[in-house]
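S.K.: In our numbering, the protein residues as written are 16 to 260.
All C-beta atoms, glycine included, are put in the ideal place defined by N, C-alpha and C.
Quick one: this structure, given as structure tokens, is what I'll be asking you about.
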Amino acid sequence: MRALSARDVVQVWEAGRERHPVDRALLVLAAALPRSSRDELAALSVGERDALLLTVREQTLGPRLACFVKCPRCAVPAEFAAEVDEVRLARPGEPVAREHALLADGWEVRYRLVDSRDLAAVAGHTDPAFARRLLLTRCVLEARREGEPVAAQRVPEPVLAALAGELVLRDPQSEIEFSLSCHACGTRWSAVLDVAAFLWAELSVLARRLLREVHALAAVYGWRESEILAMSAPRRAAYLEMVGT
Ligand SMILES: [Zn+2]
16 MRALSARDVV QVWEAGRERH PVDRALLVLA AALPRSSRDE LAALSVGERD
66 ALLLTVREQT LGPRLACFVK CPRCAVPAEF AAEVDEVRLA RPGEPVAREH
116 ALLADGWEVR YRLVDSRDLA AVAGHTDPAF ARRLLLTRCV LEARREGEPV
166 AAQRVPEPVL AALAGELVLR DPQSEIEFSL SCHACGTRWS AVLDVAAFLW
216 AELSVLARRL LREVHALAAV YGWRESEILA MSAPRRAAYL EMVGT
């Protein structure tokens, strides 16, 4: 795992701009883990993926996360901070057991945790109930009713509901919740931290800032983009100060 360089940030942003959030997360990981194949990264459970993304965030932009939310009742904006260590439950790169078994209502279901391929497979579906069912049945490796094998598509809803609960329980990093309260109206609610979306938003802001810096320095000194991005951040900042931006 390495921190993203200025060049990485611009390249990842450019490659991911028009892509789905699932692909964006994989692009970020591929840049930080150049020795891992795309298939290996896509097969990480969502929790494993998010633990690694938090580490990319920590190494590239530091450990303190500044989160912005709006109260669901009065829409007053609120800001809260969290440290990467508070929201990263496992050591990054520590493998979690991806296959488990569930016993419910006379059914025995062998299943695996949700990964990026599953998220990508359901991404295009606009019916949330259909997408949920598709996601859950994709995770079923084998289903038996009173010992007899049954196709995953025929597993009934109550068993799938139990499976949905198990999937979060076995991969807790995949769903980090914050308990929040509104300082204006007192409403309490909980919000899920979407690590991939959060980091993508930050990297987009950083990429645009880097391009503005390239523009300012190239316009004055005539340096190439690659030269400017290869500079350390303090050196780039010192030149920017000299050209008065
Ligand atoms: Zn409020």
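1. Quick one: give me the first and last residue of the alpha helix (DSSP H) that H230 is part of.
2. What are the boundary residues of the beta strand (DSSP E) that R103 is part of?
3. I'd like to know whether the C-beta atoms of V99 and E73 end up nearer to each other than 7 Å.
4. If you scan the stretch 143-218 from start to end, which runs of the alpha helix (DSSP H) of 4 or more residues do you find wholly inside it?
5. Is R13 near ligand 1, with its Cβ less than 6 Å from a heavy atom?
6. Are the Cβ atoms of Y126 and C154 separated by less than 7 Å?
7. Once the 5 residues before and after A234 are set aside, which same chain residues still bring their CB inside 8 Å of it?
8. P187: which of R32, A105, R34 sits nearest, CA to CA?
9. With H, G and I counted as helix, E and B as strand and the rest as coil, what does DSSP make of V91?
10. Measure the CB-CB distance between V137 and L150 and report whether it falls below 7 Å.
11. Whose C-beta lies closer than 6 Å to the C-beta of L80 among residues of the same chain, with five residues either side of it excluded?
12. By DSSP, does D130 sit in helix, in strand, or in coil?
13. Tell me which same chain residues have a C-beta within less than 7 Å of the C-beta of W285, skipping the five on either side of it?
14. If you measure from the CB of V290, is any heavy atom of ligand 1 nearer than 6 Å?
15. Using a Cβ-Cβ cut-off of 8 Å (strictly less than) and excluding sequence neighbours within five positions of L76, which residues of its own chain qualify?
16. Between the C-alpha atoms of E242 and P249, what's the straight-line distance to the nearest angstrom?
M.R.: So, from the data block:
1. 210-236
2. Run containing R103: none; DSSP gives neither H nor E here.
3. yes
4. 143-154, 172-185
5. The structure shown has nothing for residue 13, since the chain only spans 16 to 260.
6. yes
7. none
8. A105
9. coil
10. yes
11. A97
12. strand
13. In the structure as shown, the chain starts at 16 and stops at 260, and residue 285 therefore has no counterpart that could be examined.
14. A query on residue 290 cannot be resolved here, the shown segment of the chain reaching from 16 to 260 and no further.
15. E217, L221
16. 14 Å
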